[in-house]
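Some notes on the structure that comes next.
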Amino acid sequence: KNRRYLRQMFKSWRHQATYGRIWGMYNRAELVNLLITCQSKYKHLEGRIQGCDEYAKKEQYQTEQLSLVKNELHLMVGKLQASEDARQKADEEVARLGQIVECVKRVEPSVTKVISTMQPFLELAQNEGWKLS
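Counted the way our numbering counts, the sequence shown spans residues 6 to 138.
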């Protein structure tokens, strides 16, 4: 036992003198055990990487779906704005036509009755002009 200990000490001293460190000295059994441990860790990490690849594919699919939904939302917002503009123009046109009918009513009241019978969806409000019903 003593000889083995002395041999290890001299071996460490020589390794220290040659390489400047001792922590790189291992025997063959330690190196094999370390290799087996590293291989098992490598396989474990490889399995986790495959799992991460699946998550990355799912994330990419969800990102694509999100971009499609965003594009559709932008299109719908554009359509909504266009329909809102069209409704506003139609309201302005109805108000303009109502003012014209009011002018005609003042000049010729019999024409207003004819317009009311021809266009039943227009109602004459007292002080607000013509409105759609």
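For every residue, glycine included, the Cβ atom is placed at its ideal position computed from N, Cα and C.
With DSSP run on the structure shown, which of helix, strand or coil describes residue i?
i, result
"lysine 46", "helix"
"glutamate 51", "helix"
"lysine 110", "helix"
"lysine 63", "helix"
"lysine 139", "Only positions 6 to 138 of the chain appear in the structure, and residue 139 is not among them; the question remains open."
"lysine 94", "helix"
"lysine 6", "coil"
For a quick check, are the C-beta atoms of residue i and residue j less than 8 Å apart?
i, j, result
"valine 106", "threonine 117", "yes"
Mind checking residue i: buried by the 16 CB within 10 Å criterion, or exposed?
i, result
"cysteine 57", "exposed"
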